[in-house]
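A short write-up of the structure that comes next.
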Amino acid sequence: MKDYRAFVRACVGLLLLFLFNTALSACAFPFSFTGTRDAHEVVYWTTATDPIGTRAQEAVIAAFEKQNPDLHVRIVGMPAQGTGDATSLITAVRGGSPPDVYMIDRFTVSQQASIGLLKNIAPEIAKDDHHLARSYLPFAWNEVKYQGGVYGLPFETDARAVYYNKDILRQSGIDPALLDPRKGPVTIDTLMALAMKLNRSDADGNYTRLGLIPWDGEGEHATWALEFGARYYNQKTCQVTLTEPAIMQTYQNYARWARELNYQRVATFLATYLPPNAPPSQTPFYTGHLAISVDGNWNTTNLQNYAPTMNYGITYLPIAHRGDKPSTWSGGFAMVMPAGAPNVAGGYRLMRFMTGAQGQRIYNRVTGHLPTWASLYQDNRLFAGPQRFFQGLMKYSQSRPALPVGAQMWDAMTSAQQAVLIGNKTPAQALNEVQTRIQPQMQQYCPFKLK
Amino acid sequence: MVAGRSIYAGKRERAHLLKGLLFISPWIVGFSFFVLYPTIYSFVISFFRYSGIQPPVWLGWQNYIRLFTDPLVGMSVQNTLFYAALAVPIGLIISILLALAMHREVKEVSLYRTALYLPSIIPVFALSFIFIVLINPQYGLVNSLLGRFGVPQMDYLSDPTGAKVVMVVMAQLGAGNAALIFLAGLNGIPKTLYEAARIDGSSHLGCFLRITLPLLSPAILFNLITGVSGGLQVFQQAYIMTAGGPANGTLFYMYYLYRNAFSYAQLGYACALAVMLFLFGLVLALLLYWFSQRFVNYDAS
Chain X
1 MKDYRAFVRA CVGLLLLFLF NTALSACAFP FSFTGTRDAH EVVYWTTATD
51 PIGTRAQEAV IAAFEKQNPD LHVRIVGMPA QGTGDATSLI TAVRGGSPPD
101 VYMIDRFTVS QQASIGLLKN IAPEIAKDDH HLARSYLPFA WNEVKYQGGV
151 YGLPFETDAR AVYYNKDILR QSGIDPALLD PRKGPVTIDT LMALAMKLNR
201 SDADGNYTRL GLIPWDGEGE HATWALEFGA RYYNQKTCQV TLTEPAIMQT
251 YQNYARWARE LNYQRVATFL ATYLPPNAPP SQTPFYTGHL AISVDGNWNT
301 TNLQNYAPTM NYGITYLPIA HRGDKPSTWS GGFAMVMPAG APNVAGGYRL
351 MRFMTGAQGQ RIYNRVTGHL PTWASLYQDN RLFAGPQRFF QGLMKYSQSR
401 PALPVGAQMW DAMTSAQQAV LIGNKTPAQA LNEVQTRIQP QMQQYCPFKL
451 K
Chain Z
452 MVAGRSIYAG KRERAHLLKG LLFISPWIVG FSFFVLYPTI YSFVISFFRY
502 SGIQPPVWLG WQNYIRLFTD PLVGMSVQNT LFYAALAVPI GLIISILLAL
552 AMHREVKEVS LYRTALYLPS IIPVFALSFI FIVLINPQYG LVNSLLGRFG
602 VPQMDYLSDP TGAKVVMVVM AQLGAGNAAL IFLAGLNGIP KTLYEAARID
652 GSSHLGCFLR ITLPLLSPAI LFNLITGVSG GLQVFQQAYI MTAGGPANGT
702 LFYMYYLYRN AFSYAQLGYA CALAVMLFLF GLVLALLLYW FSQRFVNYDA
752 S
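As given, the protein sequences belong to chains X and Z, one line each in that order.
Using the numbering used here, you'd call the opening residue of the first sequence number 1 and step up by one each time.
Using the numbering used here, you'd call the opening residue of the second sequence number 452 and step up by one each time.
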């Protein structure tokens with residue numbers, strides 16, 4: 001009996017100890033575990049950790065430090081796994097040690113803002129420049145706004161186009177002039193027919209060369225759906241519209257292309273010439289195993305670095321019907337300030353510099369990305385050589401609607417794309433599933449206005 | 452007299468108890484910090500909508516209702532069960548075979564033990580990258596071996612079932628850990644039993660089926676329960692090799708849970724998923740335990 005009582009008492013003691021622990025750990029949350037930070041330091045996280053991007057950011061930051069001798073910047077590479085992955089940021093904000101500035105996918109800003117991860121920088125902008133919004137491309141500015149607040153400053157942007165290897169075309173008896181952008185865009189059917197003639201297989205039936213893989217690279221669902229006029233969202237009814245005709249058409253095309261090219265054989269081809277985790281220099285387009293590729297403007301810099309001798313051309317994305325206007329879409333990055341950032345003033349100065357005329361000029365010259373600072377489009381020095389095409393292309397560009405459920409929607413649409421390509425689901429089945437999955441998530445944010 | 456002795460004994464007992472508790476206190480603190488507290492916290496949070504940053508919003512049972520209607524939960528459960536149903540039994544068979552090989556009475560047995568155990572110390576992370584190369588359709592070893600028998604080159608990771616099968620095969624390289632436990636079990640079986648059986652004219656297979664297997668049964672039960680628990684929590688391979696694809700073919704339950712928590716910031720829903728996994732695992736372990744009582748023999752001595 002006594003032993004029992006002693007045991008109970010010990011247990012109660014332990015429970016108290018445990019509660020004490022809990023109280024301690026709960027109390028500890030508002031404080032940083034990292035100690036006090038140097039007031040002159042700005043901690044900058046970036047998701048762009050590739051060699052070229054790193055070089056470019058270091059150049060911008062060197063210029064910033066030169067102009068702001070009272071501040072020094074610490075760069076921390078923090079690559080994200082997939083769209084909207086905020087694991088590191090959630091942990092850092094919750095642990096009380098967020099960076100002052102973070103470069104993230106602009107498309108995910110409204111989602112991160114909706115869960116309270118980001119600081120509304122409208123007050124800092126008001127103190128700085130009331131007309132700052134007008135300096136940026138309108139679509140890019142829209143992406144950093146969320147429910148009346150401003151949660152970041154637009155950084156670089158991009159655009160998608162068709163790259164073609166002129167030598168392969170000529171070897172196969174096709175005149176590369178057919179794809180000359182001065183003649184305007186060709187239709188999807190024309191391009192596919194042309195590409196099919198470039199396919200080559202070995203004795204076992206494995207592809208050794210392909211003309212075009214219309215779902216690979218930047219040929220993902222958004223590229224085609226936006227071209228066909230997809231809206232994704234109806235703000236009157238607060239409904240996502242993922243079964244709309246433009247998206248349905250995209251997935252029907254995927255089903256047809258996967259049948260025509262044989263999806264499994266293409267997958268084998270890609271695993272061979274573009275294995276997972278391959279270095280950036282190893283893509284089938286650079287190694288001459290893919291003749292035509294849908295890719296972004298940043299590809300010009302990669303080509304310069306990894307395939308400097310290739311004789312290639314750039315043209316518009318193919319259009320659905322003859323006479324349609326050219327089309328492309330733009331994504332890009334934004335500088336955001338996480339909630340609870342210790343150095344608000346210094347952080348804002350860094351964001352402002354990096355996304356301003358000077359910062360974007362340095363960055364985009366190194367990376368071959370496109371600026372969101374509107375006046376830079378007048379500066380022809382930024383658009384040398386193959387970049388010139390994109391300077392003119394931007395006027396046709398659209399952007400994805402920045403919804404707070406963006407990451408889930410993107411994941412779901414990508415899975416649906418794979419299911420349709422593999423042949424597991426019909427386009428209607430796959431898209432209906434996405435719609436029924438995403439709409440209840442969107443419902444939580446209703447009413448939601450995009451602009 | 453009697454009462455006095457009892458008090459004395461009680462005091463001594465209590466002192467022993469406190470000393471004992473003091474000795475295990477690092478574990479108690481660790482356990483309460485890193486296991487008990489998060490478990491209770493997860494359970495509470497599963498009734499809220501919680502992004503990790505903003506104050507939680509009470510939802511009642513809504514997260515649990517959503518869980519039963521979410522098609523991706525169904526899909527991820529199917530994927531996980533497919534994986535566990537293949538990986539666990541195959542793993543048991545392979546690890547018993549490994550243990551038997553490690554148990555041979557030959558001079559160089561320590562060499563065999565090291566060689567057979569070695570693959571198990573490779574982290575899943577590294578193994579995943581090795582496998583990506585091994586099964587590469589063009590220059591991978593697997594495809595080139597299969598190619599000699601006329602099997603066409605194929606990218607197994609681009610097929611939802613193929614990718615899962617790859618991960619089942621990959622799991623077998625970790626069989627060494629379970630094999631060590633079986634080896635300990637094998638060492639505990641008295642040799643006299645085999646000698647007696649041999650005198651009675653029993654074959655090798657007969658010895659294995661009638662002596663080895665029944666006396667290994669506690670180890671089998673242990674490895675079965677830990678195997679099932681590990682199988683239900685499969686995550687890393689899918690995260691590294693396929694990112695849950697293709698077409699959600701390797702979207703395992705833990706991976707979907709992770710995505711909800713960290714990509715979509717729905718910690719409440721993720722916690723509800725975790726609570727369901729915990730309950731499912733618990734029920735499964737109890738069932739296995741109950742079912743095994745008829746088969747497990749604890750009487751090796």
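We put the CB at the ideal spot given by N, CA and C, even for glycine.
This structure is a prediction, so every number in the text was calculated from the model and none was measured.
Tell me which residues share the same chain as residue i and place their Cβ nearer than 7 Å to its Cβ, disregarding the 5 neighbours each side in the sequence.
i: Ala133/X; result: Trp141
i: Gln623/Z; result: Ile541, Gly542 and Ile545
i: Leu578/Z; result: Met621 and Leu624
Can you name the residues of chain X whose CB is closer than 9 Å to the CB of residue i?
i: Ser527/Z; result: The contacting residues do not exist; Ser527/Z stays about 12 Å from chain X at best.
i: Leu578/Z; result: By Cβ distance, chain X contributes nothing, its closest Cβ being about 14 Å from Leu578/Z, past 9 Å.
i: Gln688/Z; result: What Gln688/Z touches in chain X: nothing, since even the nearest Cβ is about 13 Å away.
So, with DSSP's three-state summary, where would you put residue i?
i: Gly154/X; result: It is Pro, not Gly, that sits at residue 154/X in the sequence shown. Three-state result, Pro154/X: strand.
i: Leu562/Z; result: helix
i: Asp295/X; result: strand
i: Thr372/X; result: coil
i: Thr46/X; result: strand
i: Thr300/X; result: helix
i: Arg74/X; result: strand
i: Met605/Z; result: coil
i: Glu41/X; result: strand
i: Ile452/X; result: For residue 452/X there is no data in the structure shown, the boundaries of chain X being 1 and 451.
i: Met335/X; result: strand
i: Leu317/X; result: coil
i: Asn699/Z; result: coil
i: Ser493/Z; result: helix
Short of 6 Å in beta carbon distance, which residues of its chain neighbour residue i, apart from the five on each side in sequence? Order them along the chain.
i: Thr372/X; result: Tyr136, Leu137, Ala140, Pro154 and Thr157
i: Met351/X; result: Val101, Leu153 and Met335
i: Ala736/Z; result: Ile676
i: Ser743/Z; result: Leu672
i: Gly359/X; result: Val60 and Phe353
Mind listing the chain Z neighbours of residue i? Cutoff is C-beta to C-beta under 9 Å, in chain order.
i: Arg106/X; result: Under the 9 Å cutoff, chain Z gives no residues; its nearest Cβ is about 17 Å from Arg106/X.
i: Glu218/X; result: Result: empty, since nearest Cβ-Cβ is about 18 Å, beyond 9 Å.
i: Arg437/X; result: Asp521, Pro522 and Leu523
i: Val93/X; result: Gly503 and Ile504
Which residues of chain X have a Cβ atom closer than 8 Å to the Cβ of residue i, listed in chain order?
i: Phe399/Z; result: As displayed, chain Z neither begins before 452 nor continues past 752, which places residue 399/Z out of reach and without an answer.
i: Ile573/Z; result: Correct list: empty, because the minimum Cβ distance to chain X is about 17 Å.
i: Asn587/Z; result: Ala271, Thr272 and Pro275
Since residue i meets chain Z, which of its residues come closer than 8 Å, beta carbon to beta carbon?
i: Gln264/X; result: Met605, Asp606, Ser609 and Asp610
i: Pro453/X; result: With chain X covering 1 to 451 only, the question about residue 453/X has no answer from this structure.
So, for residue i: in the same chain, excluding its five sequence neighbours on each side, which residues have a beta-carbon less than 8 Å away from its beta-carbon?
i: Leu71/X; result: His40, Glu41, Val42, Phe64, Glu65, Gly346, Arg349 and Leu350
i: Lys425/X; result: Ala416, Ala419 and Glu433
For a contact meaning CB atoms closer than 7 Å, what does residue i contact in chain Z?
i: Ala39/X; result: Correct list: empty, because the minimum Cβ distance to chain Z is about 25 Å.
i: Ala428/X; result: Those within 7 Å of Ala428/X in chain Z number zero; the least Cβ separation is about 15 Å.
i: Asp204/X; result: Pro603 and Gln604
i: Lys433/X; result: According to the sequence provided, residue 433/X is Glu. The question's Lys does not apply to it. The answer, in chain order, is Pro522.
i: Thr268/X; result: Pro588, Gln604, Met605 and Asp606
Would you say the beta carbon of residue i comes nearer than 6 Å to a heavy atom of the ligand MN?
i: Ala133/X; result: The ligand MN is not among the ligands present in this structure, which contains no ligands whatsoever.
Applying a beta-carbon distance threshold of less than 7 Å, which residues of chain X neighbour residue i?
i: Ala716/Z; result: Ala86, Ile90 and Ile115
#### Entry: Near-chain X residues of the segment 613-629 of chain Z (beta-carbon distance less than 7 Å), N- to C-terminal order
Flagged: no residues at all.
### Query
Of the residues that make up the segment 692-704 of chain Z, which ones have a beta carbon closer than 9 Å to any beta carbon in chain X?
For the segment 692-704 of chain Z, the residues whose beta carbon sits under 9 Å from a beta carbon of chain X are, in order, Met692, Thr693, Ala694, Gly695, Gly696, Pro697, Ala698, Asn699, Gly700 and Leu702.
#### Entry: Where the segment 399-426 of chain X meets chain Z: residues whose CB sits under 9 Å from a CB there
Considering only beta carbons, the part of the segment 399-426 of chain X lying closer than 9 Å to chain Z consists of Val405, Ala407, Gln408, Asp411, Ala412, Thr414, Ser415, Ala416, Gln417, Gln418, Ala419, Val420, Leu421, Ile422, Asn424 and Lys425, in chain order.
### Query
Between the segment 413-423 of chain X and the segment 680-700 of chain Z, do three or more beta carbon pairs fall short of 8 Å?
Yes: at least three Cβ pairs fall under 8 Å.
### Task
Count the CB pairs spanning the segment 338-345 of chain X and the segment 91-107 of chain X that are closer than 8 Å, and state whether there are at least three.
Output reads yes: the segment 91-107 of chain X touches the segment 338-345 of chain X.
### Interface positions of the segment 103-136 of chain X facing chain Z (Cβ-Cβ less than 7 Å), listed along the chain
Of all residues in the segment 103-136 of chain X, those with a C-beta nearer than 7 Å to a C-beta of chain Z are Ile115, Gly116 and Leu117, reading in chain order.
### Task
Decide yes or no for the touch test of the segment 603-610 of chain Z against the segment 268-285 of chain X: beta carbon pairs closer than 8 Å, at least 3 of them.
Cβ pair count under 8 Å is three or more, so yes.
### Touching by the beta-carbon criterion (3+ pairs, under 8 Å), the segment 615-629 of chain Z and the segment 637-655 of chain Z
Short answer: they don't touch.
### Task
Assess, as a yes-or-no matter, whether the segment 230-243 of chain X is touched by the segment 323-332 of chain X under the definition of 3 or more beta carbon pairs within less than 8 Å.
Taking 8 Å as the limit for Cβ pairs, the verdict is that the segment 230-243 of chain X does not touch the segment 323-332 of chain X.
### Residues of the segment 490-506 of chain Z with Cβ closer than 8 Å to any Cβ of chain X, in chain order
Of all residues in the segment 490-506 of chain Z, Arg500, Ser502, Gly503, Ile504 and Gln505 have a Cβ within less than 8 Å of some Cβ in chain X.
### Cβ pair count under 8 Å reaching 3, the segment 494-503 of chain Z against the segment 702-722 of chain Z
With three or more CB-CB distances shorter than 8 Å, the segment 494-503 of chain Z counts as touching the segment 702-722 of chain Z.
### Query
With a cut-off of 8 Å, do at least 3 Cβ pairs link the segment 308-326 of chain X to the segment 185-193 of chain X?
Contact between the segment 308-326 of chain X and the segment 185-193 of chain X is present, because at least three Cβ pairs lie under 8 Å.
### Message
Can you pull out the residues from the segment 540-552 of chain Z whose beta carbon lies closer than 8 Å to at least one beta carbon of chain X?
### Response
Those residues of the segment 540-552 of chain Z that come within reach of chain X (Cβ to Cβ, closer than 8 Å) do not exist; the list is empty.
### Query
Is there contact between the segment 485-497 of chain Z and the segment 270-286 of chain X, where contact requires at least three CB pairs shorter than 8 Å?
No, they do not touch.
### Message
Would the segment 172-185 of chain X count as touching the segment 254-262 of chain X if we require 3 or more Cβ pairs under 8 Å?
### Response
Under the 8 Å Cβ criterion, the segment 172-185 of chain X does not count as touching the segment 254-262 of chain X, having fewer than three qualifying pairs.
#### Entry: Cβ pair count under 8 Å reaching 3, the segment 211-218 of chain X against the segment 286-296 of chain X
Contact holds: three or more Cβ-Cβ distances are below 8 Å.
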